[in-house]
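The block underneath contains the structure these notes are about, expressed in C-alpha cells.
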Amino acid sequence: MAGRGRGDGAPRPARGGDAGQRARVRMSSVEATAPVGSAPRGTVRQRLRARLVAAVARLLVILPEPPINALAVAIGEIWYRLAPDRAARARRNFRRVAEHLVVRGLGGPRIRAAATDDRALERVVRGAFGHAVRYYVDMARLPGRSAADFERRLIVETPDAVVDAFGSLHPPRPAGPAGPPGSHGPMIFVAMHFGAVEAPALFAVARTGSRVTAPMETLDDPALQAFIARTRASVGVDLVTLRDARRALTAALDQDRVVGMVADRNVAGGTVDVPFFGVTAPLPMGPGLLAIERGLPIWVAAVRRASGGRYRGQLRRVDTPTEGTRRARLQAAMTGVARAMEESIAEAPEQWWSAFAPIWPDLDPEAREGSGHLEPAATAATAGHPADGSAAR
C-alpha cells in the first residue's frame, strides 16, 4: 500500500486522533523479516545524495504547504516539456482511460472530453506531471504528518464501507488507546500510484492501532531505499523486500495485522490478466492470492488531493469468490479489484501517475516484463507468491 511507513527504534502504541503523536505501535516479529533498508549502505555518492534528500525533506516539513505545492506543479510543467517520451506514453494511456470511462459513464467532463479532444487530453497529461512531483513532496513531508492532521483534512466519500471495514466511521477517541494490535482482525488493503498514496496507510493505522506491512522492490540505490523505508516507517508502514514478502505478509495476517499492496500495474513478478479500462492488462496477483488463501475481502483504498489542502477518500470492498477453480477465483477477485480501481481513478485521472508506466501489452510490450525488478535470488523465492508485482513504490 502505499499502496508506496517507517520507525525509529521503539515506537509506542498509536492513539487515534492525537495531534501531537504519529501512530506507532510495538515492533513485531513481522518487522524483523528483512526490512527494506537493511541492505548495504551504498556508495559514498549515494549516501551523500540520500543525506541531501533527507535535508530537503526536513525543510519541506516546516515550510508552508501552498507555495511548495505551487512550486511542485511548476516543476511538473518543466518535466513535461523535458520528457516527450514519458508524455507520449501517458497520452496513450490516458486516451484509453478516457474512452473507457465514457463507456462506463464514469468521470467528470474533463476526462470524458479527453476521449475525443486532443487539447483536453493534453491538459490531463500535463496535470499528471505536476501530481507526480506532488507525490515526492508528500512523501518527504511524512515524518511531520500526524494522523489527527490527516483526519481533519479528510473527507470520507464512502462512509458505509469504512464502517463495514473498521466498525466505526471515526478513529478511536484521543482519550483512549487505539486498541490492541489485531483487535480489528487481519485485513488486506490495495492501493494505487494515485493521489496521496501514503494516506490509506495513515487511515488504516489510525483505526487499527496496527502497523501496515507492505512489500517494496529493491532499488539500485541502497541509501535512498533506506531513506524511503525510514520515512514510511514514521507513519506506521513497514516495508519488506520482495524476497521476504510472502513470509512477512503471511506473518502479519497471522497476527491479525494489516497488509498493503499496490496493484495498478505490473512492477515485478507474478501477474494475472484481467480487464482494466476495457483492455486486458497483467496486474499483480498477490492481493487475490492472499484473499483466497485467507477467505478475506480485499479493501481497495484511494485518497486524492482536493482544494484547500483537503483530501477525499474512498474505500471499496471486493469480496473473494468461494466457488470455482483457484484460477477462476483469482481472476474474479482481481477483476473486481481492477473495476474498483477504475472507479477511484475516474474521480481524478490526472492524479494517477501509473499512466507514465507500461500497463497494457498492446500499447507497451514492456508491460509483460514489469516496470521494476526483483532483488537477486528473489525470483525463485517469490514466483507466484502474494508479493509478486505488488511493490509499494
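Per our numbering, the sequence shown starts with residue 1207, numbered consecutively. We put the beta carbon where it would ideally sit given N, CA and C, even for glycine.
DSSP on residue i, reduced to helix/strand/coil?
{"i": "L1502", "result": "coil"}
{"i": "T1477", "result": "strand"}
{"i": "F1335", "result": "helix"}
{"i": "V1236", "result": "Its pLDDT being 38, under 50, V1236 is placed unreliably by the model, and the measurement read from it follows with that caveat. Correct three-state label for V1236: helix."}
{"i": "I1606", "result": "Because the chain in this structure spans residues 1207 to 1599, residue 1606 falls outside the shown range and cannot be described."}
{"i": "I1565", "result": "coil"}
{"i": "A1397", "result": "strand"}
{"i": "M1360", "result": "The sequence as given places Leu at residue 1360; Met does not occur at that position. Strand."}
{"i": "F1482", "result": "strand"}
{"i": "D1355", "result": "helix"}
{"i": "P1571", "result": "helix"}
{"i": "L1375", "result": "coil"}
{"i": "S1550", "result": "helix"}
{"i": "S1513", "result": "helix"}
{"i": "R1471", "result": "coil"}
{"i": "T1528", "result": "coil"}
{"i": "T1414", "result": "helix"}
{"i": "P1392", "result": "coil"}
{"i": "G1542", "result": "helix"}
{"i": "D1427", "result": "coil"}
{"i": "G1350", "result": "helix"}
{"i": "L1536", "result": "helix"}
{"i": "D1323", "result": "coil"}
{"i": "L1172", "result": "The requested residue 1172 does not occur in the structure, where the chain is confined to residues 1207 to 1599."}
{"i": "L1312", "result": "coil"}
{"i": "A1384", "result": "Any reading at A1384 needs caution, since the residue's pLDDT is 42, under 50, leaving its predicted position unreliable; the model's value is listed next. The answer is coil: DSSP assigns A1384 none of H, G, I, E or B."}
According to DSSP, what are the bridge partners of residue i?
{"i": "T1419", "result": "D1444 and V1465"}
{"i": "P1490", "result": "T1477"}
{"i": "Q1520", "result": "A1508"}
{"i": "V1303", "result": "None, per the DSSP bridge assignment."}
{"i": "W1558", "result": "F1400"}
What residue from the options has the CA that sits closest to residue i's CA?
{"i": "A1469", "options": "A1354, L1360, A1407 and V1543", "result": "V1543"}
{"i": "F1356", "options": "A1512, M1540, G1576 and E1575", "result": "A1512"}
{"i": "G1530", "options": "R1332, I1498, V1418 and R1523", "result": "I1498"}
{"i": "I1268", "options": "L1254, Y1286 and R1347", "result": "R1347"}
{"i": "M1393", "options": "A1420, A1405, H1399 and F1400", "result": "A1420"}
{"i": "P1490", "options": "F1482, I1504, F1483 and V1473", "result": "V1473"}
{"i": "E1328", "options": "D1344, Y1342, G1350 and N1299", "result": "N1299"}
{"i": "I1434", "options": "R1297, D1344, H1306 and V1465", "result": "D1344"}
{"i": "P1567", "options": "V1480, A1458, P1365 and M1540", "result": "V1480"}
{"i": "E1363", "options": "A1508, L1569 and A1458", "result": "A1508"}
{"i": "V1441", "options": "R1302, W1559, R1310 and G1350", "result": "G1350"}
{"i": "Q1520", "options": "L1502, T1541, A1554 and I1565", "result": "A1554"}
{"i": "D1460", "options": "A1296, P1527, S1577 and H1390", "result": "H1390"}
{"i": "R1292", "options": "D1570, E1575 and R1574", "result": "D1570"}
{"i": "P1290", "options": "F1562, E1575 and V1411", "result": "F1562"}
{"i": "V1478", "options": "I1565, A1256, A1296 and R1325", "result": "I1565"}
{"i": "G1501", "options": "R1522, R1413, T1528 and F1483", "result": "T1528"}
{"i": "V1303", "options": "V1506, E1572 and W1559", "result": "W1559"}
{"i": "S1577", "options": "I1361, R1295 and R1471", "result": "R1471"}
{"i": "R1417", "options": "R1438, V1309 and R1359", "result": "R1438"}
{"i": "P1503", "options": "T1249, V1411, V1524 and R1295", "result": "V1524"}
{"i": "A1354", "options": "F1409, V1250 and T1541", "result": "F1409"}
{"i": "A1260", "options": "Q1431, M1467 and V1368", "result": "Q1431"}
{"i": "G1484", "options": "S1352, H1399, H1306 and A1457", "result": "H1306"}
Could you tell me if the beta carbon of residue i falls within a distance shorter than 7 angstroms of some heavy atom in the ligand NAD?
{"i": "L1348", "result": "Here there are no bound small molecules, and the ligand NAD is not part of this structure."}
Could you confirm whether any beta carbon from chain D is found closer than 8 angstroms to the beta carbon of residue i?
{"i": "D1366", "result": "Checking the listed chains, one finds no chain D in this structure; it contains a single protein chain."}
Task: Length at least 4, wholly inside the stretch 1247 to 1291: the alpha helix (DSSP H) runs in chain order - done: Qualifying alpha helix (DSSP H) stretches, in chain order: 1250 to 1268 and 1271 to 1288.
TODO: Determine, using beta-carbon pairs with one atom in the stretch 1493 to 1509 and one in the stretch 1536 to 1550, whether at least three such pairs fall under 8 angstroms.
DONE: At 8 angstroms Cβ cutoff, the stretches touch.
Open item on the list: I'd like to know if the stretch 1514 to 1524 and the stretch 1320 to 1338 are in contact, where contact means that at least 3 CB-CB pairs between them fall below 8 angstroms.
Closed with: Between the stretch 1514 to 1524 and the stretch 1320 to 1338, the count of C-beta pairs closer than 8 angstroms stays below three; the two stretches do not touch.
- [ ] Could you tell me whether the stretch 1283 to 1292 touches the stretch 1369 to 1380, using the rule of 3 or more Cβ pairs below 8 angstroms?
- [x] Between the stretch 1283 to 1292 and the stretch 1369 to 1380, the count of Cβ pairs shorter than 8 angstroms is below three; the stretches do not touch.
- [ ] Determine contact between the stretch 1550 to 1568 and the stretch 1439 to 1459, defined as no fewer than three beta-carbon pairs at a distance below 8 angstroms.
- [x] When Cβ pairs closer than 8 angstroms are counted between the two stretches, the stretch 1550 to 1568 is seen not to touch the stretch 1439 to 1459, the count staying below three.
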